[in-house]
Amino acid sequence: HKTSLQAPTAVSECMSSTSTSVSGQQHHNTPASTPQQPQQAGESGSTESPRLRLRVSDEFRWEEPPKSADTVDRQESSDDDTGSEDEDQMATNSSDMRKDFDKLLMSRPNDSMLWIEYMSEHLNAGDIDRARAVGEQALKTISFREEQDKMNVWIALLNLENLYGSKDQVTQTFHRALQVSDPLTLFRRVAAMYTASGKMEEAEHTYQAMVRKFKQTKQAWADFGLFLYKQGRLDAARNLLQRSLLSLERRDHVDMIAKFAQMEFGHGEPERGATMFEKIMAEFPRRSDIMSVFIDMVIKSGDPDRARELFERAVTNMKNAKFFFKKYLAFEEKYGTEGSVARVKDKIASCC
Numbered sequence: 001h002k003t004s005l006q007a008p009t010a011v012s013e014c015m016s017s018t019s020t021s022v023s024g025q026q027h028h029n030t031p032a033s034t035p036q037q038p039q040q041a042g043e044s045g046s047t048e049s050p051r052l053r054l055r056v057s058d059e060f061r062w063e064e065p066p067k068s069a070d071t072v073d074r075q076e077s078s079d080d081d082t083g084s085e086d087e088d089q090m091a092t093n094s095s096d097m098r099k100d101f102d103k104l105l106m107s108r109p110n111d112s113m114l115w116i117e118y119m120s121e122h123l124n125a126g127d128i129d130r131a132r133a134v135g136e137q138a139l140k141t142i143s144f145r146e147e148q149d150k151m152n153v154w155i156a157l158l159n160l161e162n163l164y165g166s167k168d169q170v171t172q173t174f175h176r177a178l179q180v181s182d183p184l185t186l187f188r189r190v191a192a193m194y195t196a197s198g199k200m201e202e203a204e205h206t207y208q209a210m211v212r213k214f215k216q217t218k219q220a221w222a223d224f225g226l227f228l229y230k231q232g233r234l235d236a237a238r239n240l241l242q243r244s245l246l247s248l249e250r251r252d253h254v255d256m257i258a259k260f261a262q263m264e265f266g267h268g269e270p271e272r273g274a275t276m277f278e279k280i281m282a283e284f285p286r287r288s289d290i291m292s293v294f295i296d297m298v299i300k301s302g303d304p305d306r307a308r309e310l311f312e313r314a315v316t317n318m319k320n321a322k323f324f325f326k327k328y329l330a331f332e333e334k335y336g337t338e339g340s341v342a343r344v345k346d347k348i349a350s351c352c
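If you use UniProt numbering, the sequence shown corresponds to residues 1 to 352, in order.
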């Protein structure tokens, strides 16, 4: 039985603006003469047994495809007939696999996704030490200029240690990575890793350390806040907002409050979030960026009447009325009636 490895998913809306997606990386095509090319994300051979697959989304993920009942039956019925033949075949396959990856890596030494695929192949073979060694070799080989690729490999190693190693091994790998990587990015990814693997206590400790180290960074507080909201710990999240305002520069307070107001809409009490937005708009009536977010949150919450009220205020009071008129019209075309669409068009004709 193979244990699935899963890297952290992107941490929702508050992190998406700064998270770097590895799915956008370009990979060179493998020459046709290559004997065997590693299985790509989403591919599966009809005659092969289920294997750990590398899925590339916002971040990589080791994942074992589910086994059907027929597959399980076939495996169980053939167990008694394999024995030493399987061992010999596995040794041959392992040797061929290493040769194939070595050839590919000669032409693509900085390709972190290829290195991580190589690691996953060793995990398929149950060889954790060799998977770890491949990760270490990747760190030595990838150019120092390829910071994102190096970060990808560090996260792969951290996930490996998190799932197969000890706490000390995770800690040691984390501290090594901190010496050569962007520390805020690393803290965020490790906290997300712990969350994804269900280690909430370790995740919270990491978030606590992150906001201590980056107490004047909005993103650190926002990430920790979202973690608490998603667990339903509303009081803790609201207290965290107050803590953040004591540490952040005054110019960042409005953005921080608006971010937590968004979290209230998504994971707390929408009415409380609306009140927070209203207080901001009362003090900063020209902040069209926050008004736009406020409207989006109200629409998502399923309150079209309130959304219309906000649109009316926006097209009347904001300097960039054209932006809000365009947004207002799109809203009515999706949620309104022919009459409401016509009314907005009339307003646009008379005002713009």
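Positions of the beta carbon are idealized from the N, C-alpha and C atoms, including for glycine.
Going by CA-CA distance only, name the one from the options that's closest to residue i.
{"i": "L158", "options": "D182, D149, E309, R132", "result": "R132"}
{"i": "D289", "options": "A314, G266, E271", "result": "A314"}
{"i": "L246", "options": "R233, Q137, R212", "result": "R212"}
{"i": "F144", "options": "V180, A125, M119, W115", "result": "V180"}
{"i": "K230", "options": "W154, F311, E204, L139", "result": "E204"}
{"i": "M318", "options": "R287, V341, A307, F331", "result": "R287"}
{"i": "L228", "options": "N124, K218, M256, H267", "result": "H267"}
{"i": "K334", "options": "N320, R308, D346", "result": "R308"}
{"i": "M210", "options": "V134, M106, D235, L178", "result": "L178"}
{"i": "V303", "options": "E146, E332, M281", "result": "Here residue 303 turns out to be Asp, not Val, going by the sequence shown. D303 has its Cα closest to that of E332, out of E146, E332, M281."}
{"i": "E146", "options": "V344, D182, G232, S166", "result": "D182"}
{"i": "N162", "options": "M281, R176, E202, E338", "result": "E202"}
{"i": "G126", "options": "L160, N320, F101", "result": "L160"}
Would you identify the three-state DSSP class for residue i, choosing helix, strand or coil?
{"i": "N110", "result": "coil"}
{"i": "A125", "result": "coil"}
{"i": "I116", "result": "helix"}
{"i": "N320", "result": "coil"}
{"i": "Q216", "result": "coil"}
{"i": "R238", "result": "helix"}
{"i": "G135", "result": "helix"}
{"i": "L248", "result": "coil"}
{"i": "R176", "result": "helix"}
{"i": "S166", "result": "coil"}
{"i": "I155", "result": "helix"}
{"i": "Q208", "result": "helix"}
{"i": "I142", "result": "coil"}
{"i": "G268", "result": "coil"}
{"i": "Q231", "result": "coil"}
{"i": "R287", "result": "coil"}
{"i": "T337", "result": "coil"}
{"i": "G225", "result": "helix"}
{"i": "K199", "result": "coil"}
{"i": "G302", "result": "coil"}
{"i": "S350", "result": "helix"}
{"i": "D182", "result": "coil"}
{"i": "M263", "result": "helix"}
Closer than 8 Å by C-beta to residue i: which residues in its own chain qualify, once you throw out the five before and the five after it? Chain order, please.
{"i": "F284", "result": "V254, I290"}
{"i": "A69", "result": "No answer about A69 holds up, because its pLDDT of 49 lies below 50 and its placement is not dependable."}
{"i": "L310", "result": "M291, F294, I295, V298"}
{"i": "I142", "result": "P109, N110, S112, W115, D149, K150, V153"}
{"i": "M256", "result": "K218, W221, A222, L241, S244, L245, L248"}
{"i": "L105", "result": "D111, L114, W115, Y118, T141"}
{"i": "V170", "result": "L158, E161, N162"}
What does a CB cutoff of less than 7 Å around residue i pick up in its chain, not counting 5 residues either side in sequence?
{"i": "E249", "result": "Q216"}
{"i": "K199", "result": "none"}
{"i": "G225", "result": "A237, L240, L241, F260, M263"}
{"i": "K214", "result": "For the record, residue 214 in the displayed sequence is Phe; it is not Lys. So the qualifying residues of the chain are L184, A220."}
{"i": "E312", "result": "none"}
{"i": "S350", "result": "none"}
{"i": "V190", "result": "L158, F174, T206"}
{"i": "A156", "result": "F60, I116, M119, G135"}
{"i": "S301", "result": "F265, P270"}
{"i": "G336", "result": "none"}
{"i": "R306", "result": "V298"}
{"i": "Y328", "result": "F311, V315, V344"}
Suppose the cutoff is 6 Å on Cβ atoms and the five residues either side in sequence are ignored; what does the same chain contact list for residue i look like?
{"i": "F325", "result": "V315, I348"}
{"i": "G273", "result": "A261, E264, F265"}
{"i": "Y164", "result": "I128"}
{"i": "F277", "result": "A261, F294"}
{"i": "L139", "result": "V153"}
{"i": "M97", "result": "E121"}
Determine, for residue i, whether the minimum Cβ-Cβ distance to residues of chain B falls below 9 Å.
{"i": "A261", "result": "Here there is only one protein chain, and chain B is not present."}
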